[in-house]
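Quick notes on the structure that follows.
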Amino acid sequence: MKTFRARAVVAPDGRLTLQTPLPPGEVEGIVTLPEQTVGTPPRGAPERDAVVLLETNIDDMNPEVYGYLIDRLFASGAKDAYLTPIIMKKGRPGITVSVLADEADAERIAHLLTAETTTLGVRISRADRYKLRRSAATVETAFGPVRMKVAERDGRGRAAPEYDDCARIALERGAPILDVYAAAQRAWEEKNSPQS
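Heads up, the sequence shown is in my numbering, so the first residue is 17 and it goes up one at a time.
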């Protein structure tokens with residue numbers, strides 16, 4: 017345990033921060049924290065980074081275009097892109113297109129949204145995000161090798177089969193895609209169980 021003098025300050029957004037060291041002669045309280053909370057985060061703790069969120073609402077576009085749009089957004093550097101159904105003015109059904117990206121890619125992605133959709137504008141906001149450490153691995157299955165997306169939390173990994181590999185193998189082998197997914201997940205668990 018590490019003990020030090022600090023003043024607790026509540027920020028307007030509700031976050032609690034500790035101010036230390038205190039000015040001479042000022043005592044606000046004594047704080048004792050477990051060692052792992054002081055300094056660097058523990059191994060496997062989420063990482064933090066800054067992203068921009070680009071959004072636009074659309075109610076007058078052919079829905080067939082959305083799949084193409086999502087592919088283009090990822091090809092243009094989007095970290096994530098997703099669609100949310102909404103109800104717009106006068107009760108019209110619409111879609112919110114949301115894109116997470118690096119600041120450096122924001123202008124290019126905003127231009128793509130205005131070029132490839134019927135939108136009249138794009139909202140851009142900055143956001144902090146927490147994310148688990150990610151890596152890739154490959155497992156051997158009866159269907160062949162399958163890449164896995166691995167996320168680490170508290171020193172333990174959890175994995176999900178890569179969709180593109182599973183879809184390709186299912187088509188090549190004439191096997192149900194769910195069987196390929198299950199085989200990959202089993203192979204990961206066998207390879208990474210505590211008894212291995």
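Beta carbons: idealized from backbone N, C-alpha and C, even for Gly.
- Query: What is the residue span of the beta strand (DSSP E) that Gly-173 lies within?
  - Reply: 172–177
- Task: Could you please give the first and the last residue of the uninterrupted beta strand (DSSP E) stretch that includes Thr-135?
- Result: Looking at the DSSP string, Thr-135 is not in any beta strand (DSSP E), and its letter there is neither H nor E.
- Spatially closest choice to Met-104 from Glu-123, Asp-76 and Gly-160, by CA coordinates: Asp-76
- What are the partner residues of Glu-63, as DSSP defines its beta bridges? Lys-147
- Contact between the region 129–144 and the region 73–87 (3+ Cβ pairs under 8 Å): yes
- From which residue to which residue does the alpha helix (DSSP H) around Gly-190 run? Here Gly-190 belongs to no alpha helix (DSSP H), and DSSP marks it neither H nor E.
- Message: So within the region 104–129, which uninterrupted beta strand (DSSP E) runs reach at least 3 residues, ignoring any that extend past its ends?
- Response: 109–117
- Query: Helix, strand or coil for Asn-73 per DSSP?
  - Reply: strand
- Message: Just list the residues that DSSP pairs Asp-96 with in beta bridges.
- Response: Leu-116
- Message: For the pair the region 80–98 and the region 159–167, tell me if three or more CB-CB distances fall below 8 Å.
- Response: no
- Query: In whole angstroms, what is the alpha-carbon distance linking Asp-195 and Glu-178?
  - Reply: 14 Å
- Query: Helix, strand or coil: which one does DSSP assign to Ala-186?
  - Reply: helix
- For the candidate residues Arg-174, Tyr-197, Arg-169 and Ala-117, whose alpha-carbon lies nearest to that of Cys-182? Tyr-197
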